[in-house]
Structures are given as C-alpha cells and as structure tokens.
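Residue numbers (the UniProt record's numbering): 1 to 228.
Please read the structure below before turning to the comments.
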Amino acid sequence: MVDIFERLPSKSIIRFRSISKYWHSRLATPEFIHNYRLRCSKNPPKLLIRSRCVISGGKYDYKDIYTLHSGDQFDQLPLHIPGNRYLSIPKVEFPCSLMTMLSRNRVSVVGSCNGILCLRDDDDDNISLWNLSIRRRVRVPSPPFISPLKSSMAAGFGFDPITDDYKIVAIDFEEHKTFVYSLKTEFWSEVPSPSYRLLYMSISKPYFFNGILHWMVVPRIPTQVDSY
Numbered sequence: 001m002v003d004i005f006e007r008l009p010s011k012s013i014i015r016f017r018s019i020s021k022y023w024h025s026r027l028a029t030p031e032f033i034h035n036y037r038l039r040c041s042k043n044p045p046k047l048l049i050r051s052r053c054v055i056s057g058g059k060y061d062y063k064d065i066y067t068l069h070s071g072d073q074f075d076q077l078p079l080h081i082p083g084n085r086y087l088s089i090p091k092v093e094f095p096c097s098l099m100t101m102l103s104r105n106r107v108s109v110v111g112s113c114n115g116i117l118c119l120r121d122d123d124d125d126n127i128s129l130w131n132l133s134i135r136r137r138v139r140v141p142s143p144p145f146i147s148p149l150k151s152s153m154a155a156g157f158g159f160d161p162i163t164d165d166y167k168i169v170a171i172d173f174e175e176h177k178t179f180v181y182s183l184k185t186e187f188w189s190e191v192p193s194p195s196y197r198l199l200y201m202s203i204s205k206p207y208f209f210n211g212i213l214h215w216m217v218v219p220r221i222p223t224q225v226d227s228y
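What follows is the structure in structure tokens.
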C-alpha cells in the first residue's frame, strides 16, 4: 500500500493524509519522505521561474514580480517555433502572504532543491523556504551577523544527503564570518571561513553540484593596505 502512495503526485499525498491519523503520521515519516524523494528524482517535474521589474510611481520605485509555471509542455517544445517566442504554461499560484512579500519588496531566489524554493528579501536579508508541493512557507531566522552593507552577504541553499537535512549557507564578507542553518535543528552554527585576504568571493549565485555548494572565486587585487 505504501508503495502505491510513493507513486502518486504530491497533491494526492497531501489529500490522502487526511484519511486517518494513521495515514497522516505514516505519510509524514522520514522513511516515506526519503523514498518518495528518491522516486521523484528519477522523473523530476519541470518548473520555470520568471521575474520582471515593474516601475510603480518613480524612477527608482519598482517592484520585482515573480510568477511560477509548471507543466510537461517543455518536453514537447521544438527548438525553434516560427513566429512564436513564448508558450502559455499553466500557472502555479503563490500563497497570498508570499505574494504580498514578493510584490512589496525586492526578493531574490537563493536556490531550489527537491521542490523547495529558497527566497531572500534583499531589503532586510530575511530568508524564507517555500515548499512548492504543499504550498507551505517557513520563515528562517536571520543570520547571527548583521552587516551594514546588505550587498556584502551571499547565501546558498541545498540538501545534505549525509544528514538528510536542508541547509542554508550565509557568508558575510565584511564580518568575515560563515554560518550554516539546519532546517532540522532550526539553528544557525558558525563554520570556518576561507581566507578573505587571499580570495574574494563573487556575490553571484552559487552552484549546487553533487550535494555541495560551490562559489566562483577570483584573486583579490592587492592594495597598499594588503602589501607587505
């Protein structure tokens, strides 16, 4: 019976959890979630996140509007469609509270993993996790450091298969500190940071590959202060 549930779409899983207390707890066990995630990874759904900037009132008064699309039409698209540059794809609506946050502030996509979207509010560095399957949003506590330069913080999101846990990495270049947030423990912990005198880490989005977050780094240009 459990094997049948593992083959169902996530929406059906959420609906069947309300059958009884037994199935509600059985379909929420770490074992079932692990097996379901492995099965879905063999045929992952395809999602498209599109953003556009809308000026509302003044020259610098603008909003970033995000829409999320899904569907199997991507597999059916030819490489070149004469006379057509866009295809209409059914929308997946954002929760009202999340949509309000997106329309009011500048929000960037930190990353996505196993159907979970990590969003960062660029105005105050608040981070949220949104589960696309169950439409549930979790607010992550702010990192322990608070830098006066918002642009000095870089963040990454991924899944740790060793601890079976989702984690967020936050790096502050000004404070020279690196923290990792665990979704299981709901706690930030500091980890050793690289040498900032030798390397400068770009503020571009990291690459999540083979279960590890990677950032592009370039040699730091020597200055009079750095010279010895």
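Using N, Cα and C, we set each Cβ at its ideal position, and we do this for glycine too.
In this text the structure is predicted, and so the values were computed from the model without any measurement.
Based on the DSSP secondary-structure assignment, which residues constitute the bridge partners of residue i?
i	result
MET153	ASP172
HIS214	TYR207
SER182	LYS167, PHE187
VAL110	For VAL110, which the question treats as bridged, DSSP gives no partner whatsoever.
PHE159	TYR166
ARG136	ASN131
Which same chain residues end up closer than 6 Å to residue i when comparing Cβ atoms and leaving out the 5 residues on each side of it in sequence?
i	result
LEU213	GLY156, GLY158, VAL169, PRO206
SER18	none
GLY211	PRO161
VAL180	LYS167, VAL169, SER189, VAL191
ARG139	SER128
What does the alpha-carbon distance come out to for the pair residue i and residue j?
i	j	result
residue 229	MET1	Because the chain in this structure spans residues 1 to 228, residue 229 falls outside the shown range and cannot be described.
PHE173	SER142	16 Å
PHE145	SER112	24 Å
THR163	LYS184	9 Å
ASP72	LYS11	Because ASP72 sits at a pLDDT of 47, beneath the cut-off of 50, its placement in the model cannot be relied upon, and the following sentence gives the value as read from the coordinates. Those two C-alpha atoms are separated by around 16 Å.
LEU35	SER193	Checking the displayed sequence, the identity of residue 35 turns out to be Asn instead of Leu. Rounded to the nearest angstrom, the two C-alpha atoms are 34 Å apart.
THR178	MET153	10 Å
PRO30	SER182	16 Å
PHE208	SER108	17 Å
TRP215	ILE171	11 Å
Which first and last residues belong to the beta strand (DSSP E) in which residue i is found?
i	result
GLY121	Per the sequence shown, the amino acid found at residue 121 is Asp instead of Gly. Unbroken beta strand (DSSP E) run through ASP121: 116 to 121.
Who are the near neighbours of residue i in its chain, counting only those whose CB is closer than 8 Å to its CB and skipping five residues on each side?
i	result
ARG37	ASN114
ARG26	VAL2, PHE32
VAL110	CYS118, LEU119, ARG120, ILE127, ALA155, GLY156, PHE157, ILE168, LYS205
PHE16	PHE5, LEU8, TRP23, LEU27
residue 299	Any answer about residue 299 is impossible in this case: the structure gives the chain only from 1 up to 228.
Got a sec: is the Cβ-Cβ distance from residue i to anything in chain C below 8 Å?
i	result
LEU117	Among the chains in the structure shown there is no chain C, since it carries only a single protein chain.
Closer than 7 Å by C-beta to residue i: which residues in its own chain qualify, once you throw out the five before and the five after it? Chain order, please.
i	result
ASP165	SER182, LEU183, LYS184
*Just list the alpha helix (DSSP H) runs in the UniProt domain "F-box" (3 to 32), keeping only unbroken ones of 4 residues or longer that don't cross its boundaries, in chain order.*
Counting only runs of at least 4 residues, the UniProt domain "F-box" (3 to 32) fully encloses the following alpha helix (DSSP H) elements, listed from N- to C-terminal order: 10 to 16, 21 to 26.
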